[in-house]
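Asks: Here it is, the structure, as structure tokens.
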């Protein structure tokens, strides 16, 4: 089977231990992630061939980040070296009424300062049949937005399937243009998009009652190239207790997954990324769209119960969860 | 603004890691606290000027304890040095049906063996407008009770506002007198008191249904100098799940806060202290008594979700919780 | 009082830290257990004299395992040395929808390769009045099954009371015979047995509604030597939330304990073993069978809230839980 | 073989991690020791039957301390319960020019407040043939000095062999008498004593060049009951580098061990105690006094290379070191 | 006594645990430092009043950094808030032949992007009598160089004593000018300077044999305002073994300290800073220049034996080391 | 360039933390290694293409082991799955006079129970030009010895260069034949062999003074296919202090490297493997045999200063050490 390409910023994550606050922390746990790298890592564990494309500085922290990707089976050989620094973020896990906190330290990163022609997409897209990107990359800098546009053009020319995740982080968009100015022209290329829609509040506890069909139809009208609209719904009872489900719409039917009741949250970072990874895998390997959304929801539920940015789970583990919703011991 | 004085014993706390029992523990986490020090640390983080007054031995463990207070901005320059030992306690966190356990090792401490005239209150109370004490101090020894009495007299003479927290720990009162013999004469000085009342069982799960007005009136009659009665209500579903709210009574109206449902407890030690600290801050900075009690309850809810004796939170974080009761991620 | 003998395999357990997955783990926590060793450790902490009998290799890991038993007061002097290796298992704690995982690495262990005449039961059973075994031992190898049979014969000859725990682990039974071929002849010796019955599904959330009397009568008919049938019922809401209760049947009455709602599971491994240990203790020390089952259920609830294979609790702590079902702080 | 009795204070030790200073430490490692408990633990690991006698409070920290002794095989059943607190000390390991630091917090301990008739020595000395004590015990309080005197009398009456370790800690002797007033009458009972002598400076780097014969003769003259004088010599190049050797004198010959060059110190606490334990074991099991002192020096060298108060080593490991002075890998 | 001002960048340091390499590290230790902050922290622990001046972003990582300074007693109230990010560095400790590695990630920091008029030196220098700066600050950016120049002018106008540490890090100087272009005009203001001189190779193992008088005279000629030239000499036998000593020259005599043989290095970062801090303290408190250099060398030797950027030691500990060069246990 | 194949057992290593003994360890560090896997990991980090061939069971511990190899860039796709268990060993680091201890638990491993025809060498050797094996593999079982023989035959047929490391572990050879019976026929295939010779004691502190030429000539005569004989010399001053150097002989000249003085050992496991890896790299990339042996000695010196089985170093770091023998800080 051909390979999947994901493109975005590679981030080092420094998390506090257990439920410590940053102000209490004399040690930090080091993980690596970033939305598109997370998708790559999860897909590689599902058995797909994946290339992750980014730009990183040459130092031992980067080397550790690449080792982290390589251990999951992601190919890192086409990553560019250059620039000053790896993007970082500091993460303090919330508990019940105490919100999780993220301190981003990703400005001036090697990725943000990429040159728009730096990547040789012709080499990268050889043997590829899928390209995944997110709205975080064009948020980083004009050069990142331009590079994304070029990548999407090249991918479309080659008939590569394109999935995009809106992944809105308003406070990242500060290079001069707003997301509403840039995203539409990029989303035009998508075959599959994880959307945002003004009438869908995915953080409501009863999000699954939304009229996804109506919203989906409006989005398909706006983006006629798109064949599949994706929503994830998170009911935030507290920082420790969420519900989680997914919905997809193919222009005809709305498919909504089982709603998982995540009563003891372990780590919600990367939850949406793990959903997208599992969705891509499922679309490539299963016909039944209901099963596809169940697979994506189950896989990403496991992510919420796993520390770090990366969803550490196999296809078999996802299938077992779909079969058996309670967490029995296995011995 | 003038400064706040808190007075009491400084304690080292040795806690087991996670949910380990003491009998399993080969490592212990070191924190520092004590009811009055906790109030000081929290007030300093809210931006108040605070002096903590105590008596401590001269050694590196004490030095670490003082560093812990200083990092939060508490002034420690008026603490007395002398005596043999720092009070300690060992703490094993409970889980669901397994109760938390505290082993006190504070007898013969430098604080307990203070001389009643040792502290120069005239120096300490200069530039102060608030004095906070708790019922733990007079419980420690006759000298501590006498010193507290002297402090209260001096404070009253200077027109300093006085808040007192009954903070009953029956097994500490073993120097010859019972709390019912000593506390009334000390409470007479209080402008604000966190009370205990025979008809109010604050550990009932429906504590907020109590007749706080009736109880408050009885207390105000007994302590005519007092203007404000304070109650905290803890509904103990299990060691891992409590509800928490506060109530204040000013002789006219009962103000009860939102009842927080703390479904995944992190550390309840210092919960009452954090309530008192936030109450003092709020009384100094807000007019509306309903907001005052909401501020105190929200702040102390955050304490229950933070490890250690000290409430690590800012005014802004408390205000955010008051606005938004669920713990969303912030990035 | 005379001593209790338990017999089985001693296991080293390597667990991941917190909620880490094995694939994420660069450190593992070392504990020691095994069903019968767990029963011994718990009984010794309750104040009983207990000998644990097993076969172990001669090396420092074994030495550490024996130190672990000795610290609880278990006598290890009659353990045999020999063979190649200590049985091991790797344990990854589940969370909510993510199941716990056990990787057994106990084949070819010193215990499994025991010679059937290796143990001098006459020496061991001197001064003993109780023998406890489980269905795990005959599952390990033919020699283990034979040794168990010999032990049961010797115990019966001496009038020693015998308790057996079916403890079915189907994937351990792979030396040629199935548990249905071997267990009946071993269970014939039991005075007390923790049973399995085709009509009792103890993992149902409403398990306590089963007809334990009918099932118990059928078992007593099949095993006429038996006087007491034991069931534990686990309602698995998720890997983090179980209910737990016990039921015993003496041929006349069914005694079912309080059903504990374990909302935040710490470690369920050894839950059944701690129930059996507490049951044995209670049968030796209390008359009232209702209190016996309450004691066993309360003790084993504490095990679910304690890390490791061993139930670290005292008789006093169990009694306090029976009295007071919520987990208040004790100071 | 008959059993050995050691008597003294059981201490909890809280050490900083690695080379951290107390002022930097947010976690502390918990070990248990005390000079006489250390001797007991080491002897039990050598295979001797040992009883440790002390007085301790009833709480879970004590329970952990007893578990620590029991894991090594020390019998703790004759330890008295009573009093307020377990003696503690805080330990900061030195490095090169930075000295190790000990903060004692052992005043008012259960041991120090023992009643002089509290211990039933007749029961304890049954089946015993050796009694070991140190000069730390009489330093703690008058009651401790009196109890030691009574124990020595009782032991002498029963013909039990007595070993005593001067173990001078000047700052512990503050109950009213100095060590020079109390120690001589206690030392009169000793068959073997680890001595101090005004002309022997055991911390000199060339200590082994002392005239041990002359010093020993003077001591034997002063204590005619004594048969063996023991010296340990520590050459302190730095906190990280010491030399270590032992010398014994039987009134005829001086036997000095190999001088070990401990170039990378791990933990010197308990070094002298491990020497005494190994000496006692060797005197009971070997004839050749040169081998006895070699055994004691080798064993205690291993202690300097092992963390904690306790010497974790077997007879076989000591013998291997005597044979082979370099530390090759064993596989 | 009046206060001391130090000015420079505050850095977060993320170090690997023990001797792990960055590529192996899943956890990092968090400390805070920077050359001038280190000088401030050490001086505060010696009992001096110190203000640290810098510019930092507003987030919880900064807050933790300020807490770290405040715990030592440094006043942080005049630090400016603004800009994007706190400077960071990653530190991997070397061992013997494996060099220590530093990855700087301090570009675009809040300090580097300071406006040259941002600091109100008139307020800061009130009640100050000493100003300390290093060559790292002008290396960061033109604005930093300009700000340093302004500060030096203002300090000189007020008659404040000025000490400067050349502290050359060639790879930091990349904003357009080289250190040889900028440093001379800044050094003109210094009363005391820690110098570099082409003929003095301070990393030679026999550095103390240099002709410090000749070099010093040349420097005093070039910088006529200067009264004292400071050199530190490090003999690098390996990453684990250095020698360390200091030399000062007052235009008349060369004073060289004892040469410390640091056979087991703990952490050399901040070694030079701790020397400068102790030198400043000693110049303010002692007359004898030989004692001054001994004090500075002894204090900074302790820094090499203490983890983190900060020298955690008291005046008393330094004096004890001057008296007694070996690291005996203190109890 | 073509790829390198290494073949052997993959081992999980459980090491005690710091200098703890196994008997003290409640946590163990998990690493993965095995002689041939170590060679593969090091070569991959030097930039070579490497395949590691082995047989492993299917479980998450294995998966973690493979992730460990993949992170360094080793290809694991040709590893066979099957059998019961992964080989393990427990490692306790020695200190000075206390020897390191290894407890092997590798019997009955998936590798030991391989079928001799299980591996398809024709596929594996495609695109390969180098095969590396060690004497550990034929020691494990007859099947392993047979498989090694087949591999060597196949490699020789294809003209693949063969390097073998005698790597004698006498206590592993217990399947019926001794190493002297099996090794000679396997060594016949070697182009390069790391030898043992009766007259060369490589653990002598003056090993480099041996007559390597005479020994080498005898070995070349016995194994005429061989072109290069390799020796490593370890001078064991203590478990914490070794010297280390290498010698190669090509039938004409003896090339001996610089002798490294490893005064503070971090981890000597894998020292020989890292030498072989670096030697293979150097033989493929450099002409000068003196440089080859310097490269191998320098690289493996870094391994002794790095925790774990794997040599975490790059070509650049090795070259820097060859240039500069002391470990200066790099910033």
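Residue numbers (the UniProt record's numbering), protein chains in the order written: chain A, 1 to 331; chain B, 1 to 331; chain C, 1 to 331; chain D, 1 to 331; chain E, 1 to 331; chain F, 1 to 331. From the three backbone atoms N, C-alpha and C, an ideal C-beta is built for every residue, glycine too.
1) By alpha-carbon positions, which one of 23(C), 156(C), 64(C) ends up nearest to residue 103(C)?
2) Have a look at 175(E), 199(E), 168(E) and flag the residue whose alpha-carbon is nearest the alpha-carbon of residue 184(E).
3) If you draw a straight line from the alpha carbon of residue 224(C) to that of residue 73(C), how long is it in whole angstroms?
4) Does DSSP classify residue 243(F) as helix, strand or coil?
5) Looking at the structure shown, is residue 77(A) part of a helix, part of a strand, or coil, going by DSSP?
6) Along the chain, where does the alpha helix (DSSP H) containing residue 304(C) start, and where does it finish?
7) Can you list the alpha helix (DSSP H) stretches of 4 or more residues lying completely in the region 256-292 of chain D, in chain order?
8) Strictly under 8 Å for the Cβ-Cβ distance: is residue 305(C) near chain B by that measure?
9) Do residue 95(F) and residue 15(F) count as a contact pair if the criterion is CB distance below 8 Å?
10) Can you grab the Cα-Cα spacing for the pair residue 403(B) / residue 131(E), in whole Å?
11) For residue 43(B), I'd like the list of residues in its chain whose CB is within less than 7 Å of its CB, leaving aside the five on either flank, ordered along the chain.
12) Taking 8 Å as the CB-CB cut-off, is residue 67(B) touching chain E?
13) Is the beta carbon of residue 53(A) sitting closer than 8 Å to the one on residue 136(A)?
14) Which of helix, strand or coil does DSSP assign to residue 105(B)?
15) Using the C-alpha atoms, what's the distance from residue 68(F) back to residue 191(A)?
16) Specify, as a first and last residue, the run of the beta strand (DSSP E) that residue 193(E) falls within.
17) So, at 8 Å on beta carbons, what are the nonlocal neighbours of residue 334(E) in its own chain, with the 5 sequence-adjacent residues on each side left out?
18) Inspect the beta-carbon positions of residue 133(D) and residue 8(D) and report whether they are closer than 8 Å.
19) Give me the chain D residues within the contact set of residue 70(C), using Cβ-Cβ distance strictly less than 7 Å, ordered along the chain.
20) Report yes if the CB atom of residue 106(D) is closer than 8 Å to the CB atom of residue 91(D), and no otherwise.
21) Looking only at C-alpha atoms, which of 287(F), 269(F), 181(F), 323(F) sits nearest to residue 300(F)?
22) To the nearest angstrom, how far is it from the Cα of residue 178(A) to the Cα of residue 138(A)?
23) Given that a residue counts as buried once 16 or more other Cβ atoms are within 10 Å of its Cβ, and exposed if not, what is residue 212(C)?
24) Please go through the region 150-235 of chain D and give each complete alpha helix (DSSP H) segment of 4 or more residues, from N-terminal end onward.
25) From what residue to what residue does the alpha helix (DSSP H) around residue 332(A) run?
26) Using CA atoms only, rank isn't needed, just tell me which of 275(B), 171(B), 65(B) is closest to residue 31(B).
27) According to DSSP, is residue 12(D) helix, strand or coil?
Replies: Reading from the atomic positions:
1) The shortest CA-to-CA distance from residue 103(C) to any of 23(C), 156(C), 64(C) is the one to 23(C).
2) The shortest Cα separation from residue 184(E) among 175(E), 199(E), 168(E) belongs to 168(E).
3) Linking residue 224(C) to residue 73(C) through their CA atoms gives a straight-line distance of about 35 Å.
4) Reduced to three states, the DSSP call for residue 243(F) is strand.
5) Three-state DSSP puts residue 77(A) in coil, outside helix and strand.
6) Segment 289-304, the alpha helix (DSSP H) holding residue 304(C).
7) Runs found: 271-285.
8) Closer than 8 Å to some Cβ of chain B, the Cβ of residue 305(C) qualifies, so yes.
9) Cβ distance not < 8 Å, so residue 15(F) and residue 95(F) don't count as in contact.
10) The requested residue 403(B) is not part of the displayed model; chain B covers only 1 to 331.
11) So the list reads 4, 50, 277, 280, 281, once near-sequence residues are dropped.
12) Cβ-Cβ to chain E under 8 Å: yes for residue 67(B).
13) For residue 53(A) and residue 136(A), no; Cβs fall outside 8 Å.
14) It is a strand residue.
15) One alpha carbon belongs to residue 191(A), the other to residue 68(F), and they sit about 36 Å apart.
16) Note, residue 193(E): beta strand (DSSP E), 192-194.
17) Shown here, chain E extends from 1 to 331; a query on residue 334(E) therefore has no answer.
18) Contact: yes.
19) Neighbours of residue 70(C) in chain D, taken as residues whose beta carbon is under 7 Å from its own, are 70, 71, 73 in chain order.
20) In this structure, residue 106(D) sits away from residue 91(D), with a CB-CB distance that is not shorter than 8 Å.
21) For the residues 287(F), 269(F), 181(F), 323(F), the minimum Cα distance to residue 300(F) belongs to 269(F).
22) Looking at the two C-alpha atoms, the distance is approximately 10 Å.
23) It is buried - the Cβ of residue 212(C) has at least 16 other Cβ atoms within 10 Å.
24) Taken in chain order, the complete alpha helix (DSSP H) segments of 4 or more residues contained in the region 150-235 of chain D are 179-187, 212-222.
25) Because chain A spans 1 through 331 in this model, residue 332(A) falls outside it and cannot be assessed.
26) When only C-alpha atoms are compared, the closest one is 65(B).
27) Three-state result, residue 12(D): strand.
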